[in-house]
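Student: Position one of the sequence shown corresponds to residue 2 (our numbering), numbered consecutively onward. The C-beta atom is built at its ideal place from N, Cα and C for all residues, glycine as well.
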Amino acid sequence: MKKFRKVLDGLTTSSPGGTIGTPSCGSAAGTPTAAPTPKEIDVQETLISENFQLCKTVRHGFPYQPTALAFDPVQKILAIGSRSGGVRILGRPGVDCYCQHESGAAVLQLQFLINEGALVTACADDTLHLWNLRQRRPAVLHSLKFNRERITFCHLPFQSKWLYVGTERGNTHIVNIESFILSGYVIMWNKAIELSTKTHPGPVVHLSDSPKDEGKLLVGFESGTIVQWDLRAKKADFRIYYDEAIHSVSWHHEGKTFMCSHSDGSLTLWNLRNTSKPFQVTFPHGKIQKDGRKESCKPILKVEYKTSRSSEPFVIFSGGLSYDKAGRRPTLTIMHGKAITVLEMDHPIVEFMVLCETPYNNEVQDPYAVVVLLEKDLIVVDLTQSNFPVFENPYPMDVHESPVTCTAYFADCPPDIIPILYSIGAKHKKTGYSQKEWPVSGGSWTLGSHTYPEIIITGHADGSVKFWDASAFTLQMLYKLKTSKVFEKPKAGEGRAAELVEEDPFAVQMVSWCPQSRIFCVVGISAHIILYRFSKYDANTQIVSLEVRLQCDSEDIITPSENENNPCFAEPGSHSPQPHHQHPLSPGSRTPEGAKDSIPCLKVKDRVVRVPPGYQSELVIQLLWVDGEPPQQITSLDINSAYGLLAFGNLNGLAVVDYLQKTVLLCISTLDLYGATDPYQRLTRSPRRNRQSTSGLTELTDNQQSTDMDRSKSPTSVKGPGRKLSLPTDLKTDLDHVNGHCTSPTSQPCSAGKPRIPMGPEGPRLTRRGPGRPPFRKAQSAACMEISLPVSHTEGHASRRAMLQQLHGVTMYSHDEHHTTTTPYCWTERESRENSFSRSRSSSVSSIDRDTKEAVTTLQFGESYGRKNDVLPGPCLWVGTSLGVVLLIPMSIPIDHEERMEDSVTVGPSGAVQMLKGSVLRFAFLDCSGALIQGPYEVWRDQNAPEDSDRPRRRKLVHFSPSSSQDACGEGHLTVVCSERQAKVFLMPSQSCLFVHNITESSFVLRADVVSVCNSVCLACFCANGHVMMLSLPSLRPLMDVNYLPLTDMRIARTFYFTNGGQALYLSSPTEIQRITYTQEMCDNLQEMLGELFTPIETPEAQNRGFLKGFFGGNTQTFDREELFGEAAAGKASRSLAQHIPGQGGVEGMKVAAGGAVGELARARIALDERGQRLGELEERTALMMTSAETFSKHAHELMLKCKDKKWYQF
């Protein structure tokens, strides 16, 4: 515990202080300003570096790009391999484990060591890996790298330690699972086929041992050749040469027949008594044409032939449809007797596997389900019912049902919110599922100590929003909200709406949720905001719509007289559109074109609609088109239920809405917020002002307009005849198409960036959208953006701007686009100069004046001090911009309930300004003891509940005043401000900077949050170079800096989210959510929180290996693989053929497992108990046999005595 004391009176500073608070570029923690009065800040910080450690916890969602599937029929756990080298292991709900191969090579095949707690993976880099599943975090025990041959197929017989490996050359190798060393026994392709064969049989596509004799191995080659190899005699029993290529083989359990699937869509059945021709050939989906020939069919990629005790055998296969039916969906066909059922799938089938009651291949299989792995889904079909229903999937495999565009993560929510969301969401669940329990039920999981309520919210491209219960490391969907229901459906042929039909106009850009008041806000891609209130009752409601004209006309020629008629601060009333009415046009825009285009992108339903219980829309705010130009996308949003206010900003300016009275209080450009306190001292508008040239930039051309006057125009300024200079909303940067991936426009701007200069035959030229084009494109998921962010210092500044345009979906235009740069170096040099605050005032003015627009990047309501001389805190709005400027807007809100609903709220910028490096990302408030001050909120009340005359409906507000917990320091509070490069802590109301820390110089912060952890607070930052940092508060002392991701991409940058309790999440792939923790405590307890993959289960006994059959001799031949494949008999394999690599999870993994709830010691104790039970049973059987023997001896003795004296003729 360290005590920080900062005496503000008389301290020298490293940079001049003042109202604008120019930041210091000195040490990490400094005191840039001096307070007007002596005051001591006494904060006891409890967080230390040892409190933090970064590690992954769980991964939710569907495995991205799956490639392989495996199932353990005894442990009842499922494994899925992916193209990126990941392996997901699933059991009962709560048992969900993710493993990753270090090489990142695609997983070709998975093989469980059935009931052994191990898994073999074969990867595309021709490496075999053995994973230990007897620990909660599986690890690789052994690896075997093939150097000269490529792996194509693997087969591991049940209860065998020898793995058969087929290769591309047609050879079959044998690997000892225990030592992971190759045996000297090899089945060479030229020995398997006849010597007279002139062609190579192709790669090995199938390996399986005969159910009748384990010493016989069936080898299938791609060309259509099938060989049964006698492992003892080392020769072929028979060879089959078929004209069509083979895809898969499946045995009948008796071992007398087997079935093959072929590339022509046929199934062949072979009998071992006569292998010269197939016993039966069928084309399940091939019809006989008029000429008598079968129509051509697609290949049957896999077939499984399973027998049943109570019914006909099952033949299940994928593919095989005829080619003439174009556009048909992928199918799974189930042939049961004479009945053929075709199940159509929504996505291509990657793999399927039939689940059977027994693990033995020589017993009646009795299939009960089939697991189908699709490209984007996992389904399980119930085979025990004639209509083959599917099981309800308990895993959250539909996160990507529509591409994810944004995320939010809330820990320690009110305990009643999850049950009520679940109860409402359960009413809309699908029906028709199988009534049986989910068959993948392996592993064990218990509810640990980590049980506080957590909710994850995902926004999607189709406008839907999903609420997920994320408590205790699980994920379960609670409630789904469709925002598109607020709007009329766009119809083709209706003007601009015709362009919207094929797009995603409802894509969710960001969400804001207050769990206490249950107010929910959604920001859409079409520059719209929807406000929802929660109700447990359905209602008939009329959706109120507000239309806001927030458009800077920064490219027009303005005469001095026009400038005089349009001051920087216009009256709030002139900016406040009325509900249900089109926004009144400003005096200068009364043109036919302007009047026609003052419309929103979407049409809100103007009729009374019936809304079900749950979140019900109350207000829709839409930005308007202006003279053919679409509105800029919304970049920041904050809502406060106690104030009844909603604030949002974009590239043009800021708007504040009173959602209780349904009025717009403020609609103003960013520059107009400064008034006379512009930190860059940008001059007032003057068309006669001459622009000065800057190093690295050429002179302005004659036809260019002055930009200072353009810069200072308000959103309601008049239109002139001048040429437009504003860029469209959609991106025009070089990042639009990188690596073949389209980028997503569904995001918010974060910085006044400099897009690329489009060079053409005429030199630098402005690109812009044509009139009538919608302000969005096809909404890609945040997951589709796989663009690596540059992190090097040399290209960090310029590429940072381009990346931020990509990240936030807007183009921030600079007038420097009308200049010519001599070399690319001038870009970097100029960017470095603009991002450095040690430059002279003149360079600052000339650089900033060239920026046409300044985006509002973050907003925060809270109780604060609007002016330095304020004695008491009051409602304020903190505004952060893309130029690193912090503005404070005090507000006057009526306290009484009736007055609040009738009197207007007064909003007026105070001119208070602070500055940081880079775009402002986050605000937070601390009291003078370092505790986090929560924002005021309104307690939730159901507005649709029946009226109670005794208890009238009134708003109940909860306030957390900054002065409520002041002991030693009197009035005041601390404000934490974090930008892309810096973090600062200010003392209010003096606005003195107490601490400043330069977070990064070579990169920039993408996400910053002030979080509660370990009974304290800290500042969590995620940088573009992949670093995760933790800073103490208020001293901004570095606590952790981990290089978590070497290079991040747009998907992670868009979806990274910190929350309280030491957790964070991001979208690790387009279909998966990765959760991480950054606290040491949770890392230490992680083993107890995760599920156990392996549970001790006794292997079922084979039916044909009972006591009597074993005693008198079985019907199968004994086969000792060790005798054949061991080093003594087969010798050693060539060292150059494969290389053994010891794994990292051996000793360490056992240590971790031993420390778990069910460690190795517990398993040994269980095994000992089981052995004791077996010994006891054996003792009982022995006693019974002894008793029986004694009885038999007694009867024999009695019979002997009875017959002893009789003569032979008496018998």
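With a CB to CB cut of under 7 Å and the five nearest residues on each side skipped, what residues in its chain are close to I600?
Tutor: The residues are L625, W626.
Student: Does the contact criterion of 3 or more C-beta pairs under 8 Å hold for the region 228-241 versus the region 345-353?
Tutor: The answer is no - the region 345-353 does not touch the region 228-241, with fewer than three Cβ pairs under 8 Å.
Student: Quick check: the Cα distance between N836 and L646, rounded to an integer number of angstroms?
Tutor: Note that N836 scores a pLDDT of 35, beneath 50, so its modelled location is shaky and nothing firm can be said.
Student: Quick check on DSSP: helix, strand or coil for M354?
Tutor: If DSSP states are grouped into helix, strand and coil, M354 belongs with the strands.
Student: Give me the DSSP bridge partner(s) of V250.
Tutor: C261, per the DSSP bridge assignment.
Student: Is there contact between the region 72-84 and the region 105-120, where contact requires at least three CB pairs shorter than 8 Å?
Tutor: Yes: at least three Cβ pairs fall under 8 Å.
Student: Here's the rule I'm using: 16 or more other beta-carbon atoms within 10 Å means buried, otherwise exposed. How should D1050 be labelled?
Tutor: Flag for D1050 reads buried.
Student: Note down, in chain order, each residue of its chain lying with its Cβ closer than 7 Å to the Cβ of T1100, except the 5 sequence neighbours on either side.
Tutor: Excluding residues within five positions, the ones whose Cβ falls inside 7 Å are V75, N116.
Student: In the structure shown, what three-state DSSP assignment does Q290 receive?
Tutor: Three-state result, Q290: coil.
Student: Grab me the residues of Y361's own chain with a C-beta within less than 7 Å of its C-beta, minus the 5 sequence neighbours each way, in chain order.
Tutor: So the list reads F159, A1103, once near-sequence residues are dropped.
Student: Look at the Cβ atom of L655, then the Cβ atom of L667, and state whether they are nearer than 9 Å.
Tutor: The answer is yes: Cβ separation under 9 Å.
Student: List the DSSP bridge partners of A69.
Tutor: Answer is G82, bridged to A69.
Student: Leaving out five residues before and five after P64 in sequence, what residues of the same chain have Cβ atoms less than 6 Å from its Cβ?
Tutor: Excluding sequence neighbours, P64 sits near I81, S83, R89.
Student: If I follow the unbroken beta strand (DSSP E) through I635, where does it start and stop?
Tutor: Start and end: 635-641.
Student: Which residues in the same chain have their Cβ closer than 8 Å to the Cβ of L120, if we skip the five residues on either side of it in sequence?
Tutor: So the list reads A71, A80, V88, I90, L111, Q112, F113, L114, L131, W132, L134, P139, once near-sequence residues are dropped.
Student: Is there contact here, the region 891-906 with the region 915-935, by at least three beta-carbon pairs under 8 Å?
Tutor: Contact between the region 891-906 and the region 915-935 is absent, because fewer than three Cβ pairs lie under 8 Å.
Student: Under the three-state reduction of DSSP, which class applies to F147: helix, strand or coil?
Tutor: Strand.
Student: Below 9 Å between beta carbons: does that hold for L1015 and E1082?
Tutor: Just to set this straight, residue 1015 is Cys in the shown sequence, not Leu. Yes. Within cutoff.
Student: For the beta strand (DSSP E) that contains C1024, what are its first and last residues?
Tutor: Taken as a continuous stretch (DSSP letters only), the beta strand (DSSP E) holding C1024 covers 1017-1024.
Student: Hey, would you say the C-beta of K437 is under 8 Å away from at least one heavy atom of the ligand NAD?
Tutor: Among the components modelled here there is no ligand, and therefore nothing to report on the ligand NAD.
Student: If you check the beta carbons only, do S224 and L218 fall under 9 Å apart?
Tutor: Taking 9 Å as the Cβ cut-off, S224 and L218 do not qualify as a contacting pair.
Student: Three Cβ pairs or more, each shorter than 8 Å: is that satisfied between the region 304-311 and the region 249-267?
Tutor: Touching, per the Cβ criterion.
Student: CB G1063 to CB V1012, shorter than 9 Å?
Tutor: Yes, they are a contact pair.
Student: Starting from S424, trace the alpha helix (DSSP H) in both directions and tell me its first and last residue.
Tutor: 418-426 is the span of the alpha helix (DSSP H), which, as asked, contains S424.
Student: Which word fits D97, buried or exposed, when buried means at least 16 other C-beta atoms lie within 10 angstroms of its C-beta?
Tutor: Burial call: buried.
Student: Enumerate in chain order the residues of its own chain whose CB-to-CB distance from D399 is below 8 Å, with the five nearest sequence positions on each side excluded.
Tutor: Counting only Cβ-Cβ distances below 8 Å, and skipping sequence neighbours, we find F63, D378, M478.
Student: According to the neighbour-count rule (16 or more other Cβ atoms, all chains shown, within 10 Å of its Cβ), is F1193 buried or exposed?
Tutor: F1193 should be labelled exposed.
Student: Taking the runs of the beta strand (DSSP E) that are 3 residues or longer, which of them lie wholly in the region 112-189?
Tutor: Fully enclosed beta strand (DSSP E) runs of 3 or longer: 119-124, 128-133, 140-147, 152-156, 163-168, 173-177, 182-188.
Student: Taking F239 as part of the alpha helix (DSSP H), name the residues at either end of that continuous run.
Tutor: Run containing F239: none in the alpha helix (DSSP H); it sits in the beta strand (DSSP E), 236-242.
Student: Among the candidates Q634, A193, A471, whose CA atom is the shortest distance from the CA of Q552?
Tutor: Nearest of Q634, A193, A471 to Q552, Cα basis: Q634.
Student: For L1125, which three-state DSSP category applies?
Tutor: The answer is helix: DSSP assigns L1125 an H, G or I state.
Student: In angstroms, rounded to a whole number, what distance separates the CA positions of E255 and E364?
Tutor: Distance between the alpha carbons of E255 and E364: 7 Å.
Student: What's the gap between the Cα of S403 and the Cα of Y660?
Tutor: Near 30 Å, if we compare the C-alpha coordinates of Y660 and S403.
Student: So, at 8 Å on beta carbons, what are the nonlocal neighbours of Y324 in its own chain, with the 5 sequence-adjacent residues on each side left out?
Tutor: Result list for Y324: E296, S297, C298, K299, in chain order.
Student: Quick check: P516 and P415, are their CB atoms within less than 9 Å of each other?
Tutor: Yes, the pair counts as a contact, with Cβ atoms nearer than the cut-off.
Student: I'd like to know whether the C-beta atoms of A1131 and G203 end up nearer to each other than 9 Å.
Tutor: Their beta carbons are not under 9 Å apart, which means A1131 does not touch G203 by this criterion.
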